[in-house]
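Here my numbering runs 899 ahead of the position in the sequence shown, where the first position is 1.
Yeah, the Cβ is synthetic: ideal placement off N, Cα and C, and Gly gets one too.
Only one structure is covered here, and it is reproduced in the block below.
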Amino acid sequence: MAGGTQEIESRSVEQTLELGRALGESCRGGEVIALIGELGSGKSLFTKGLAAGLGIDRPDHVTSPTFVIINEYPGRLRLYHVDAYRLGGADDLDALGIEEIIDSGGVVAVEWADRVSDCIPGEAITVRIDITGDSRRRLIISWPRCFRFDNVTLL
Ligand SMILES: Nc1ncnc2c1ncn2[C@@H]1O[C@H](COP(=O)(O)OP(=O)(O)OP(=O)(O)O)[C@@H](O)[C@H]1O
Ligand SMILES: [Mg+2]
């Protein structure tokens, strides 16, 4: 796995969007992004930024797929947005054909990835988000050796 890690403090919604966008811009297809963090930590917001970086037409329309489990958005790279919150576990995602989706060359973002860890490849990118204040979040982005990512600087 030994690729890299960046720990960074976001001080606003906009900064979290910016971080997601930077990650999206670095994607080449085939990435799985495991989002981990408590309720309201910013996983969906980060995914919105990611969508912008993937060239999705209307990233504002990227909303949490809690009720439909998986949403698909066309763009420079196709985004599959999964929310595992209401799933029983990895078997439920297997039943949806997540392996084929992961192999399809798009980018798969999984909220609550820790609940379906058996479906998350070892080479996934991990984004942990901790709530550190009303409008502050600590993000820890870890990526595998096969992924090129330059550390982001927030203004
Ligand atoms: N710096 C920040 N980064 C991200 N979100 C922030 C920040 N500061 C405040 N927030 C607020 O935190 C909330 C994050 O909501 P979001 O839906 O992205 O969380 P989530 O992790 O997807 O939650 P859930 O587990 O319910 O899916 C929003 O209401 C947003 O306005
Ligand atoms: Mg969410």
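Alpha-carbon to alpha-carbon, residue j and residue i
i: L1053; j: I968; result: 32 Å
i: R920; j: R977; result: 14 Å
i: I932; j: I1024; result: 5 Å
i: I955; j: G974; result: 4 Å
i: A951; j: P958; result: 5 Å
Selection from the options that minimises the alpha carbon distance to residue i
i: D982; options: G974, G954, L938 and G1021; result: L938
i: W1042; options: Q914, G923 and S909; result: G923
i: S909; options: S1034, C1045, D991 and K947; result: S1034
i: D1029; options: E917, L916, R927 and K942; result: K942
Whether residue i touches residue j by CB criterion (8 Å)
i: R842; j: S925; result: Look at the range of the chain in this structure, 900 to 1054, and you will see that residue 842 is not part of it.
i: V1009; j: L934; result: yes
i: I1019; j: T904; result: no
Closer than 7 Å: residue i CB and nearest ligand 1 heavy atom
i: L986; result: no
i: L944; result: yes
i: V961; result: no
Chain C contact for residue i (CB, 8 Å cutoff)
i: R910; result: Absent from the structure is chain C; it holds one protein chain and no more.
heavy atom of ligand 2 below 7 Å from residue i C-beta
i: E937; result: no
Check whether the region 992 to 1000 and the region 953 to 964 touch, using three or more Cβ-Cβ pairs below 8 Å as the test. The region 992 to 1000 is not in contact with the region 953 to 964.
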